[in-house]
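Novice: So that we are looking at the same thing, I have put the structure below in structure tokens.
So, in structure tokens, the structure goes:
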């Protein structure tokens, strides 16, 4: 065996863990999951191919559409979070005292488990005897709204909790972007008499646009996959119409054993994420300014 | 701008005000965990209970198998970290140092698998692990880590690319084989990337919910996070116990974060820059 083909063989040996995992845990399941879209199966009984029936069923299902709508609505927290995180990052960049403690405090909800975060928010927002409603009632004489029980307020409440949970993480990413800006650009702007605000919009913002873009896209992708928070806040309390897409997949797959419908919904989710990623790559070329 | 004193005072005050809603839920969590049930609801709220009820914690240990949850979570977090470090470094080394057919195509496949959501494959994976008889065991939650994570492979590869090719060539002249080059040259140089991958994997595994929720049914088999979800269903309304459970769930992660803050923050910041 010559040196070249020996190296080739060794190369495959080194990447073999990933290659085996790819086939067994990713490609295999993906193909199987695609086939399941066209089948009727409850995990135990015989598997029957039913053509497009599952796709027809989910497009007729109100639960599926409300799950999709809720999830799409939920993703709107991303621009708000990006905006607030950017402010926090800029402030921290300017701050002179206690920055490391501030960073720790803002970052805390990003590193603690979402399930525990959700648990404390459910407690804070308990109707009438939770501390938020109690404060509103006793100090402001306002009857607290059903934060997590009113179907119209449920998703906005999840958005609020997610903003709280993501500011620190995003701010860390922005802070890295801010640090990478060449300080001499700021000095030049100052010499030209540029004020704080116009320096921010004309210099800082364009120069960290790659970070903004990265954070926005990854956050949108994650927000389509929201589960932990939704599961913890919605177990039986709110109506079934308030579920998110992954919750729908979970319920169909693991509670009702409608494996076909769950697979169809899972592929819808995957497709949405592929489309977002595709547009990301297209838009990145046009919108983002690289230093 | 930095000389502007009033501006820096305003910046400090805004950050201080903003940090209140960030930290308050955690203070409330710990505070509630030390109260009797009846005093959890009184107003004005007591942030620092006058007579802390520490027995909430001891009672919690007899109420639910929280010791098992801890052991399961620690086991999974450690084993996943080790598994992902070993497998991802080996695979990344293959992609960086060795030449083989279809290398570029395979790498593009690796990148594209990063966008496949776990939810899209969780049902067939469940069926597969069910076939192995692994449901209600910890296996489905750690065995896959030994097959690498696309994300961490990419992360390690970006780091390996900064290691000079001269080392490889010199080692080859000295008669070293690729395996020796890997663990005698690359591993010692990769200490920072190993720590970052390990810490991020540890935290992600500790916080992971969907997998444990699907695979673990018996209470004693659960992880601390899926156990907390179980507890909040079982003890609904007993907020002192639920908050005690929540405090125990976040405590190890907070301690770990405090010790390794620098690594975690720079690791996350690096993710943004790698793009």
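Chains as they are written, first to last, in our numbering: chain Z, 1328 to 1618; chain S, 1448 to 1722.
For each residue, glycine too, the CB sits at the ideal point set by N, CA and C.
Only a predicted model underlies this, so the values are computations on that prediction, with no experimental measurement involved.
Show which residues of chain S have a CB atom less than 9 Å away from the CB atom of residue 1424/Z.
Specialist: The contacting residues are 1455, 1459.
Novice: Once DSSP output is grouped into helix, strand and coil, what is the label at residue 1422/Z?
Specialist: Of the three classes helix, strand and coil, the one that applies to residue 1422/Z here is coil, per DSSP.
Novice: Ignore the nearest five residues each way along the sequence and tell me which others in residue 1685/S's own chain have a CB closer than 8 Å to its CB.
Specialist: For residue 1685/S, where only same-chain residues beyond five positions count, the Cβ hits under 8 Å are 1484.
Novice: Quick one, are the C-beta atoms of residue 1447/Z and residue 1476/S less than 7 Å apart?
Specialist: Contact: yes.
Novice: Run down chain Z in chain order and give the residues with a C-beta less than 9 Å from the C-beta of residue 1562/S.
Specialist: In chain order: 1548, 1597, 1600, 1601, 1603, 1604.
Novice: Per DSSP, what are the beta-bridge partners of residue 1501/Z in this structure?
Specialist: Beta-bridge pairing links residue 1501/Z to no other residue.
Novice: Apply the 10 Å Cβ neighbour rule to residue 1613/Z and answer buried if 16 or more other Cβ atoms are within range, or exposed otherwise.
Specialist: Counting Cβ neighbours within 10 Å, residue 1613/Z comes out exposed, since fewer than 16 surround it.
Novice: So that I know if they touch, is there some Cβ in chain S lying closer than 7 Å to that of residue 1407/Z?
Specialist: It does not: the Cβ of residue 1407/Z has no partner Cβ on chain S nearer than 7 Å.
Novice: If we call anything under 7 Å between Cβ atoms a contact, is residue 1597/S one with residue 1557/S?
Specialist: Cβ distance < 7 Å, so residue 1597/S and residue 1557/S count as in contact.
Novice: Would you mind stating whether residue 1643/S and residue 1710/S have Cβ atoms separated by less than 7 Å?
Specialist: Contact flag set, yes.
Novice: Tell me whether residue 1608/Z is buried or exposed, calling it buried when 16 or more other Cβ atoms sit within 10 Å of its Cβ.
Specialist: Exposed: under 16 other Cβ atoms inside 10 Å.
Novice: Check whether the region 1686 to 1699 of chain S touches the region 1419 to 1427 of chain Z, counting contact only when three or more Cβ pairs, one atom from each stretch, lie closer than 8 Å.
Specialist: Touching, no.
Novice: Could you pull the start and end residues of the alpha helix (DSSP H) that residue 1493/S belongs to?
Specialist: That residue, residue 1493/S, is in no alpha helix (DSSP H); it is neither H nor E in DSSP.
Novice: Determine which residues share a DSSP beta bridge with residue 1367/Z and list them.
Specialist: Note: residue 1367/Z sits in a beta bridge opposite 1375/Z.
Novice: Pull up the CB-CB distance for residue 1604/S and residue 1542/S, whole angstroms please, since I reckon it's below 8 Å.
Specialist: Between residue 1542/S and residue 1604/S the Cβ distance is about 5 Å, and since that is below 8 Å, they are a contact.
Novice: Run through chain S and tell me which residues come within less than 8 Å of residue 1380/Z, C-beta to C-beta.
Specialist: Within chain S, no residue comes near residue 1380/Z; the closest Cβ sits about 17 Å away, beyond 8 Å.
Novice: Give a single yes or no on whether residue 1420/Z has its beta carbon closer than 6 Å to a heavy atom of the ligand ADP.
Specialist: The ligand ADP is absent from the structure shown, which contains no ligand whatsoever.
Novice: Touch check for the region 1582 to 1597 of chain S and the region 1371 to 1378 of chain Z: three-plus C-beta pairs under 8 Å?
Specialist: The answer is no - the region 1371 to 1378 of chain Z does not touch the region 1582 to 1597 of chain S, with fewer than three Cβ pairs under 8 Å.
Novice: Tell me whether residue 1482/S is buried or exposed, calling it buried when 16 or more other Cβ atoms sit within 10 Å of its Cβ.
Specialist: Its Cβ being crowded by 16 or more others within 10 Å, residue 1482/S is buried.
Novice: Is any beta-carbon of chain S found at less than 7 Å from that of residue 1334/Z?
Specialist: Yes, residue 1334/Z counts as interfacial toward chain S.
Novice: Jot down the residue ranges of each uninterrupted alpha helix (DSSP H) in the region 1574 to 1628 of chain S, minimum 4 residues, whole runs only, in chain order.
Specialist: Whole alpha helix (DSSP H) segments, 4+ residues: 1597 to 1607, 1612 to 1620.
Novice: I'd like to know whether the C-beta of residue 1590/Z is nearer than 7 Å to at least one C-beta of chain S.
Specialist: So yes, residue 1590/Z belongs to the interface.
Novice: Between the alpha carbons of residue 1655/S and residue 1524/Z, how many angstroms are there, rounded?
Specialist: Their Cα atoms are separated by approximately 41 Å.
Novice: Decide if residue 1578/Z is buried, meaning its Cβ has at least 16 other Cβ atoms within 10 Å, or exposed.
Specialist: Residue 1578/Z is buried by the Cβ-count criterion.
Novice: Residues in the region 1525 to 1544 of chain S with C-beta within 7 Å of chain Z's C-beta atoms, listed in sequence order?
Specialist: Listed in sequence order: 1534, 1537, 1538, 1540, 1541, 1542.
Novice: Under the three-state reduction of DSSP, which class applies to residue 1512/S: helix, strand or coil?
Specialist: Coil.
Novice: Out of 1625/S, 1616/S, 1695/S, which has the shortest C-alpha to C-alpha gap to residue 1341/Z?
Specialist: Nearest C-alpha to residue 1341/Z: 1625/S.
Novice: Are residue 1539/S and residue 1600/S touching if we call contact CB-CB under 7 Å?
Specialist: Yes. Within cutoff.
Novice: Could you list which residues in chain S have their beta carbon closer than 8 Å to that of residue 1451/Z, in chain order?
Specialist: What residue 1451/Z touches in chain S: 1472, 1475.
Novice: In chain S, what lies closer than 7 Å to residue 1471/Z by C-beta?
Specialist: In chain order: nothing, as chain S lies at least about 12 Å away.
Novice: Verify the CB distance criterion: does residue 1657/S have a CB-CB separation below 7 Å to chain Z?
Specialist: Cβ-Cβ to chain Z under 7 Å: yes for residue 1657/S.
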